[in-house]
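**Student:** The structure is given below, and queries will be raised subsequently.
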């Protein structure tokens, strides 16, 4: 959400930002800042705010112009997620190696992260409420609980690395697909 | 050609030409968004407003034709200055050549007596 001293400008920038959620957050922030700066420059040059906003046009139309220029298909991050999931499904079903990579890494990454979080909670929980969780370790409390906590941290890190590898693989394959598709798709006039 | 077709044709042509105008303006000296908008909106034939110039600047930047840097201004808010990258200069050169060749060909078609 955009914070601005002037509520009219704040609302305009918020509406604009909501329409370009498909853009990655860093670039989105830059886009909002360039419009914010334009408004600041124009009002500093003694143009009435209402005139500045009128010339910019409604926030939704301005966002449409950006989308058309940048060839963005969607304003909604949910649709962007849907595209990513759709691409994952395409990737998994169109080649055997990708099917194994996506399935195995896709289960292992989040799986390790989930187990890690459970272990990170279970260790300290057993220290606060002894006996709530059964921990069988060759060493006594609180060493046993601490070892479970560290095991949890290690699992979360490992799960994150596995998910990162999956993300890199998907990005690489998307590049491959785009290059292949661009050779068969007719160019826009 | 119907009025709607004419208007579409004009809008498409202007869109393409605006890219040359923006790049040529930035080639002369690095400048900032508001200044680009002010200079180009003073040329009615281009029909360029904020709503078309900022998205175009963003696309040219994404394409690697423009480089940007924030600088403080003496009065007013900090400004994002645009400058042509090496790729941007090469792109403008290509567009300039193409444009001159198109103008010559169209002029020759429109005024066949003068060109002969």
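Protein chains in written order, with our numbering: chain R, -17 to 171; chain H, 595 to 710.
Think of the CB as a built atom: it goes at the ideal place given N, C-alpha and C, for glycine as much as any other residue.
If you're wondering where the values come from, they're calculated on a predicted model, not measured in any experiment.
Once you ignore the five residues that flank residue 169 of chain R on each side, which residues in its own chain have a CB closer than 8 Å to its CB?
**Tutor:** Residue 169 of chain R sits at position 187 when you count from the first residue of the first chain. Residue placement at residue 169 of chain R cannot be trusted, given a pLDDT of 39 that sits under 50; what the coordinates show is reported in the next sentence. For residue 169 of chain R, where only same-chain residues beyond five positions count, there are no Cβ hits under 8 Å.
**Student:** Could you name the residues of chain H that residue 39 of chain R contacts, counting a contact when the two beta carbons are closer than 9 Å?
**Tutor:** What you label residue 39 of chain R is simply residue 57 of the first chain in a count that begins at 1. Per Cβ cutoff of 9 Å: 643, 644 and 645.
**Student:** For the pair the region 76 to 85 of chain R and the region 99 to 108 of chain R, tell me if three or more CB-CB distances fall below 8 Å.
**Tutor:** Contact between the region 76 to 85 of chain R and the region 99 to 108 of chain R is absent, because fewer than three Cβ pairs lie under 8 Å.
**Student:** I want to know whether the region 671 to 689 of chain H touches the region 648 to 663 of chain H - three or more CB-CB distances under 8 Å.
**Tutor:** At 8 Å Cβ cutoff, the stretches touch.
**Student:** Give a yes or no on whether the minimum CB-CB distance between residue 675 of chain H and chain R is below 9 Å.
**Tutor:** Position 81 of the second chain, counted from the start, is the residue given in the question as residue 675 of chain H. By this cut-off, residue 675 of chain H is not an interface position.
**Student:** Judging by CA-CA distance, which residue of R:-6, R:73, R:2 and R:114 is the nearest neighbour of residue 36 of chain R?
**Tutor:** Taking the first residue of the first chain as position 1, residue 36 of chain R is located at position 54. Of R:-6, R:73, R:2 and R:114, the residue nearest in Cα terms is R:-6.
**Student:** Could you tell me the distance, in whole angstroms, from the CA atom of residue -12 of chain R to the CA atom of residue 9 of chain R?
**Tutor:** Position 6 of the first chain, counted from the first residue, corresponds to residue -12 of chain R. Position 27 of the first chain, counted from the first residue, corresponds to residue 9 of chain R. Each residue's Cα considered, the two are about 23 Å apart.
**Student:** Please classify residue 613 of chain H: does DSSP put it in a helix, a strand, or coil?
**Tutor:** Translated into the one-based positions of the second chain, residue 613 of chain H becomes position 19. DSSP places residue 613 of chain H in helix when its eight states are reduced to three.
**Student:** Taking beta-carbon pairs under 7 Å, can you tell me which members of the region 649 to 662 of chain H lie near chain R?
**Tutor:** Under the 7 Å Cβ criterion, the region 649 to 662 of chain H contributes 649, 650, 652, 653 and 656.
**Student:** Are the C-beta of residue 153 of chain R and some C-beta of chain H separated by less than 9 Å?
**Tutor:** By 1-based counting over the first chain, the position of residue 153 of chain R is 171. By this cut-off, residue 153 of chain R is not an interface position.
**Student:** Helix, strand or coil: which one does DSSP assign to residue 76 of chain R?
**Tutor:** As a position in the first chain, residue 76 of chain R is number 94, starting the count at 1. Here residue 76 of chain R sits in helix by DSSP.
**Student:** Quick check on DSSP: helix, strand or coil for residue 30 of chain R?
**Tutor:** To locate residue 30 of chain R, count along the first chain from 1; it is residue 48. In this structure, residue 30 of chain R counts as coil in the three-state DSSP scheme.
**Student:** State yes or no: is the C-beta of residue 608 of chain H within less than 9 Å of the C-beta of residue 641 of chain H?
**Tutor:** Position 14 of the second chain, counting from 1, holds the residue named residue 608 of chain H. Position 47 of the second chain, counting from 1, holds the residue named residue 641 of chain H. The answer is yes: Cβ separation under 9 Å.
**Student:** Quick one: list the residues of chain R neighbouring residue 671 of chain H, beta-carbon separation under 8 Å, in chain order.
**Tutor:** Within the second chain, residue 671 of chain H is the residue found at index 77, counting from 1. In chain order: 19, 22, 23 and 26.
**Student:** Beta carbon of residue -1 of chain R, beta carbon of residue 14 of chain R: below 9 Å?
**Tutor:** For the purposes of this step, residue -1 of chain R is taken as residue 17 along the first chain, with counting starting at 1. For the purposes of this step, residue 14 of chain R is taken as residue 32 along the first chain, with counting starting at 1. Contact: yes.
**Student:** Across the region 681 to 699 of chain H and the region 84 to 100 of chain R, are there enough close Cβ pairs to call them in contact, namely three or more that are closer than 8 Å?
**Tutor:** With a cut-off of 8 Å, the region 84 to 100 of chain R and the region 681 to 699 of chain H do not count as touching, because too few Cβ pairs lie within range.
**Student:** Considering Cα atoms alone, identify which of R:111, R:141, R:50 and R:47 is closest to residue 93 of chain R.
**Tutor:** Walking along the first chain from the start, residue 93 of chain R turns up at place 111. Comparing Cα-Cα distances from residue 93 of chain R to each of R:111, R:141, R:50 and R:47, the minimum goes to R:141.
**Student:** Measuring straight from C-alpha to C-alpha, what distance separates residue 76 of chain R and residue 157 of chain R?
**Tutor:** In the first chain, residue 76 of chain R corresponds to position 94, counting from 1. In the first chain, residue 157 of chain R corresponds to position 175, counting from 1. Their Cα atoms are separated by approximately 15 Å.
**Student:** Does residue 23 of chain R pass the burial test, meaning 16 or more other C-beta atoms within 10 Å, or should it be called exposed?
**Tutor:** As a working note, residue 23 of chain R is residue 41 in the first chain. Buried, by the Cβ-count rule.
**Student:** Using a Cβ-Cβ cut-off of less than 9 Å, give me the residues of the region 625 to 637 of chain H that come near chain R, in sequence order.
**Tutor:** Within the region 625 to 637 of chain H, the qualifying residues are 626, 627, 628, 629, 631, 632 and 635.
**Student:** Could you check whether the region 135 to 150 of chain R touches the region 106 to 118 of chain R, counting it as contact only if at least three pairs of C-beta atoms, one from each stretch, sit closer than 8 Å?
**Tutor:** Touching, no.
**Student:** What residues in the region -17 to 7 of chain R have a beta carbon less than 9 Å from any beta carbon of chain H?
**Tutor:** Taking 9 Å as the Cβ-Cβ cut-off against chain H, none of the residues of the region -17 to 7 of chain R qualify.
**Student:** Check this for me: beta carbons of residue 148 of chain R and residue 648 of chain H, under 9 Å apart or not?
**Tutor:** The residue you call residue 148 of chain R lines up with position 166 of the first chain. The residue you call residue 648 of chain H lines up with position 54 of the second chain. No, these two residues do not count as a Cβ contact at 9 Å.
**Student:** Which of the three DSSP states, helix, strand or coil, is assigned to residue 608 of chain H?
**Tutor:** Your numbering for residue 608 of chain H matches position 14 in the second chain. Here residue 608 of chain H sits in helix by DSSP.
**Student:** Take the Cβ of residue 53 of chain R as the centre, count every other Cβ of all protein chains shown within 10 Å, and call the residue buried at 16 or more, exposed below.
**Tutor:** Mapped onto the first chain, residue 53 of chain R falls at position 71. With fewer than 16 Cβ atoms within 10 Å of its Cβ, residue 53 of chain R is classed as exposed.
**Student:** With which residues is residue 677 of chain H paired in a DSSP beta bridge?
**Tutor:** Counting from 1 along the second chain, the entry for residue 677 of chain H is found at position 83. Residue 677 of chain H pairs with H:661.
**Student:** For residue 634 of chain H versus residue 619 of chain H, is the C-beta spacing smaller than 9 Å?
**Tutor:** Position 40 of the second chain, counting from 1, holds the residue named residue 634 of chain H. Position 25 of the second chain, counting from 1, holds the residue named residue 619 of chain H. Cβ atoms of residue 634 of chain H and residue 619 of chain H: closer than 9 Å.
**Student:** In angstroms with no decimal places, state the Cα-to-Cα distance between residue 123 of chain R and residue 133 of chain R.
**Tutor:** Working through the first chain from its first residue, we reach residue 123 of chain R at position 141. Working through the first chain from its first residue, we reach residue 133 of chain R at position 151. The straight-line gap from Cα to Cα measures roughly 15 Å.
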